[in-house]
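Beneath this line is the structure, given in structure tokens, with notes to follow.
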Amino acid sequence: MTYDIIVTGLIIVAQILAVVVPVLISVAFLVYAERKVLALIQLRRGPNIVGPFGILQSFADALKLITKENIIPSGSNKIVFILAPIITMVLSLAGWAVIPFAPGWVVSDINVGIMYLFAVSSLGVYGIIMAGWASNSQYPFLGALRSAAQMVSYEVSIGFVIITVLLCVGSLNLSKIVLAQQTVWFAIPLLPMFIIFFISALAETNRLPFDLPEDESTLVAGFFTEYSSASFVLFFLGEYASMILMSSMTVILFLGGWLPPFDVYPLNVVPGVIWFTVKVIFILFLFIWVRGTFPRYRYDQLMRLGWKVFLPFSLFWVVATSGFLVYFDILPN
Amino acid sequence: MVLYSLTFYLFSSVAVLSALMVISAKNPVHSVLFLILSFVNASGLFVLLGAEFLAMILVVVYVGAVAVLFLFVVMMLDINFVKLREGFLQYLPFGALLGIVLVIELGILFLTDRSSNIYNNQTPLQPIVNEVENTKMIGQILYTEYFYLFQICGIILLVAMIGSITLTLRDKGGVKRQNIDSQNTVDASTAIEKKKVKIGEGI
Numbered sequence: 001m002t003y004d005i006i007v008t009g010l011i012i013v014a015q016i017l018a019v020v021v022p023v024l025i026s027v028a029f030l031v032y033a034e035r036k037v038l039a040l041i042q043l044r045r046g047p048n049i050v051g052p053f054g055i056l057q058s059f060a061d062a063l064k065l066i067t068k069e070n071i072i073p074s075g076s077n078k079i080v081f082i083l084a085p086i087i088t089m090v091l092s093l094a095g096w097a098v099i100p101f102a103p104g105w106v107v108s109d110i111n112v113g114i115m116y117l118f119a120v121s122s123l124g125v126y127g128i129i130m131a132g133w134a135s136n137s138q139y140p141f142l143g144a145l146r147s148a149a150q151m152v153s154y155e156v157s158i159g160f161v162i163i164t165v166l167l168c169v170g171s172l173n174l175s176k177i178v179l180a181q182q183t184v185w186f187a188i189p190l191l192p193m194f195i196i197f198f199i200s201a202l203a204e205t206n207r208l209p210f211d212l213p214e215d216e217s218t219l220v221a222g223f224f225t226e227y228s229s230a231s232f233v234l235f236f237l238g239e240y241a242s243m244i245l246m247s248s249m250t251v252i253l254f255l256g257g258w259l260p261p262f263d264v265y266p267l268n269v270v271p272g273v274i275w276f277t278v279k280v281i282f283i284l285f286l287f288i289w290v291r292g293t294f295p296r297y298r299y300d301q302l303m304r305l306g307w308k309v310f311l312p313f314s315l316f317w318v319v320a321t322s323g324f325l326v327y328f329d330i331l332p333n
Numbered sequence: 334m335v336l337y338s339l340t341f342y343l344f345s346s347v348a349v350l351s352a353l354m355v356i357s358a359k360n361p362v363h364s365v366l367f368l369i370l371s372f373v374n375a376s377g378l379f380v381l382l383g384a385e386f387l388a389m390i391l392v393v394v395y396v397g398a399v400a401v402l403f404l405f406v407v408m409m410l411d412i413n414f415v416k417l418r419e420g421f422l423q424y425l426p427f428g429a430l431l432g433i434v435l436v437i438e439l440g441i442l443f444l445t446d447r448s449s450n451i452y453n454n455q456t457p458l459q460p461i462v463n464e465v466e467n468t469k470m471i472g473q474i475l476y477t478e479y480f481y482l483f484q485i486c487g488i489i490l491l492v493a494m495i496g497s498i499t500l501t502l503r504d505k506g507g508v509k510r511q512n513i514d515s516q517n518t519v520d521a522s523t524a525i526e527k528k529k530v531k532i533g534e535g536i
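These protein sequence lines map, in sequence, to chains A and B. Just so you know, we're using the working numbering here: the first sequence kicks off at 1 and counts up by one. Just so you know, we're using the working numbering here: the second sequence kicks off at 334 and counts up by one.
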């Protein structure tokens, strides 16, 4: 009896580690890739000293940051100040529990997988708000307020995009969502929704051109102005891990998850996890490309885009999709 | 089964304790954070019941949206903590009355026979696990039997929304608004005006 519990416990821990460790390592390489791609866009060289082609730069940076002194401002609310980066980090890793990397390769194959992902990504705002409030300083506070309004606004359109996909699948299970795309990836019939989802994902992860919570040119560093050393590393890791999480969510919803583009001989012998990784890397490249290309939005323009453009359009698309499915009687069970 | 009860006691005790902290914490922001903790634990209890859809909706709606706005407002307020404590005894009888009513109602709910549900004898209070996905079950009941109630809920929410908008909307006049369409349709012929300026005179 107790032996069984221990064995199951160990299996669960092993599964969690098998997901979390690769995610953290890929965060390190994502940071490197971002710096390298941005350097190429701006005709620079980027990191090229630590290791071959500077590939170990992120590890050197992490080591440097962790060995620095951790400063907690005397005016801050200490418990909340320390909790905020931990919450950000934990939430950005918690979402990985339901991501199917290949058929059956999932820690927890729950019925409401997509709802769980949506819930976890909407909780991400708490790390930022708590950090901004607990710092007891003007710039972080402004960053927190901006982020609270921004993330709540864009969640609404993300919710409608998810509903559109669910109408075409008939299940909230992520593996079933992927399997429903065997004939055609949802990115093709639902192309406008794919674009809206991608842009909302940029806003949800506070990436450029929507990185107003940490807007360097007006808010110093936004919500993490007062953070240093290890707590800063946690924010940094959390941001990039949630970037990868949102990319995987995009891949599962619109780009057919682990499925090959065509079910023909040389393509369908490649393992599903490789297709999944390739697609996630493609979306991440788009994230970096957008950062290197577009200027930052002004705050009122950001709100206008969320509420006056995306919300009505995605609402219309939900109604249109359900009308189409009902009229042609192809509603999935 | 041991693990199940352990998780149940963990979630329920944290939920109750954090609910207590909501009303006893000195700092209102801490109160809201404890409220959020309480919500999350309640959603954990829903998962244990097998109602995973309700659990996720609780997190998405209450924690992800309502509590964020709540926190937003509480953070912005400059609250005098000492003054806030003063009215405590004054409101105590009222609060106690509400509490007693709630306890009596819960007691009635637990003591009555659950099979004699007022709406339908076939729907038990607890979801049946492992039969159909409970998302589907909720849909099948909500959009058939409770359809009118569901619509009425929607209308109530709509009225509340319109009410709050009309209460806060004030057209002051003289506010310069950005018109994106007119900005986008600007071309050289409307944006630039050529003038011959005579030397020493200006426009």
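Yeah, the Cβ is synthetic: ideal placement off N, Cα and C, and Gly gets one too.
Pair within 9 angstroms by beta-carbon distance, residue i and residue j
{"i": "E239 of chain A", "j": "G397 of chain B", "result": "no"}
{"i": "V112 of chain A", "j": "A388 of chain B", "result": "yes"}
{"i": "V107 of chain A", "j": "V120 of chain A", "result": "no"}
{"i": "D61 of chain A", "j": "V23 of chain A", "result": "no"}
{"i": "A241 of chain A", "j": "V27 of chain A", "result": "yes"}
{"i": "S200 of chain A", "j": "S137 of chain A", "result": "no"}
{"i": "W317 of chain A", "j": "L219 of chain A", "result": "no"}
{"i": "S122 of chain A", "j": "P213 of chain A", "result": "no"}
{"i": "S247 of chain A", "j": "I283 of chain A", "result": "yes"}
{"i": "L391 of chain B", "j": "F367 of chain B", "result": "no"}
{"i": "L315 of chain A", "j": "F198 of chain A", "result": "no"}
{"i": "F81 of chain A", "j": "P192 of chain A", "result": "no"}
Start and end residues, alpha helix (DSSP H) containing residue i
{"i": "W289 of chain A", "result": "272–293"}
{"i": "S351 of chain B", "result": "335–357"}
{"i": "T8 of chain A", "result": "2–41"}
{"i": "I330 of chain A", "result": "I330 of chain A -> no alpha helix (DSSP H), and no H or E assigned at all."}
{"i": "G132 of chain A", "result": "125–134"}
{"i": "E216 of chain A", "result": "216–219"}
{"i": "R304 of chain A", "result": "299–304"}
{"i": "Q516 of chain B", "result": "513–517"}
{"i": "F367 of chain B", "result": "361–382"}
{"i": "V184 of chain A", "result": "Per DSSP, V184 of chain A belongs to no alpha helix (DSSP H) and is neither H nor E."}
{"i": "F254 of chain A", "result": "229–254"}
{"i": "S171 of chain A", "result": "S171 of chain A -> no alpha helix (DSSP H), and no H or E assigned at all."}
{"i": "I86 of chain A", "result": "78–94"}
{"i": "L208 of chain A", "result": "Unbroken run through L208 of chain A: none, as it is neither H nor E."}
{"i": "F386 of chain B", "result": "385–390"}
{"i": "F537 of chain B", "result": "Any answer about residue 537 of chain B is impossible in this case: the structure gives chain B only from 334 up to 536."}
Best match in the options for proximity to residue i [C-alpha to C-alpha]
{"i": "L311 of chain A", "options": "A:S153, A:P266, A:T293, A:L166", "result": "A:S153"}
{"i": "W275 of chain A", "options": "A:L284, A:F285, A:P261", "result": "A:P261"}
{"i": "N70 of chain A", "options": "A:S228, A:V80, A:L142", "result": "A:S228"}
{"i": "G593 of chain B", "options": "B:K529, B:E466, B:L343", "result": "Residue 593 of chain B is absent from the model: chain B starts at 334 and stops at 536."}
{"i": "P73 of chain A", "options": "A:V326, A:S231, A:K279, A:A180", "result": "A:S231"}
{"i": "P47 of chain A", "options": "A:L38, A:Q57, A:L234", "result": "A:Q57"}
{"i": "G272 of chain A", "options": "A:G256, A:F285, A:F282, A:W307", "result": "A:G256"}
{"i": "S217 of chain A", "options": "A:I66, A:G51, A:R296, A:V326", "result": "A:R296"}
{"i": "L65 of chain A", "options": "A:G104, A:F235, A:P103", "result": "A:F235"}
{"i": "F118 of chain A", "options": "A:M193, A:I129, A:L172, A:I5", "result": "A:L172"}
{"i": "A352 of chain B", "options": "B:Y342, B:N360, B:V365", "result": "B:V365"}
{"i": "D215 of chain A", "options": "A:I82, A:T183, A:P140, A:K68", "result": "A:P140"}
Spatial neighbours of residue i in its chain, beta-carbon cut-off 7 angstroms, leaving aside the 5 residues before and after
{"i": "T340 of chain B", "result": "L381"}
{"i": "A398 of chain A", "result": "Lying outside 1 to 333, the shown extent of chain A, residue 398 of chain A is not represented and no answer is given."}
{"i": "F59 of chain A", "result": "A28"}
Residues of its chain near residue i, where Cβ-Cβ distance is below 6 angstroms and the 5 sequence neighbours each way are ignored
{"i": "L541 of chain B", "result": "The requested residue 541 of chain B does not occur in the structure, where chain B is confined to residues 334 to 536."}
{"i": "R291 of chain A", "result": "L208"}
{"i": "K279 of chain A", "result": "V251, L255"}
{"i": "L202 of chain A", "result": "F210"}
{"i": "L378 of chain B", "result": "F344"}
{"i": "Y452 of chain B", "result": "Its pLDDT being 49, under 50, Y452 of chain B is placed unreliably in this model, and the coordinates cannot settle the point."}
{"i": "E34 of chain A", "result": "I288"}
{"i": "V347 of chain B", "result": "N374"}
Three-state secondary structure assigned by DSSP to residue i
{"i": "R44 of chain A", "result": "coil"}
{"i": "Y139 of chain A", "result": "helix"}
{"i": "N268 of chain A", "result": "helix"}
{"i": "D520 of chain B", "result": "coil"}
{"i": "N467 of chain B", "result": "helix"}
{"i": "L63 of chain A", "result": "helix"}
{"i": "I495 of chain B", "result": "helix"}
{"i": "K308 of chain A", "result": "helix"}
{"i": "T225 of chain A", "result": "coil"}
{"i": "Y452 of chain B", "result": "Bear in mind that the predicted position of Y452 of chain B carries a pLDDT of just 49, short of 50, making it unreliable; the figure below should be weighed with that in mind. In this structure, Y452 of chain B counts as coil in the three-state DSSP scheme."}
Residue i: CB within 8 angstroms of a non-hydrogen atom of the ligand PLP
{"i": "K469 of chain B", "result": "For the structure depicted, the ligand PLP is absent and the ligand set is empty, with no information on it obtainable."}
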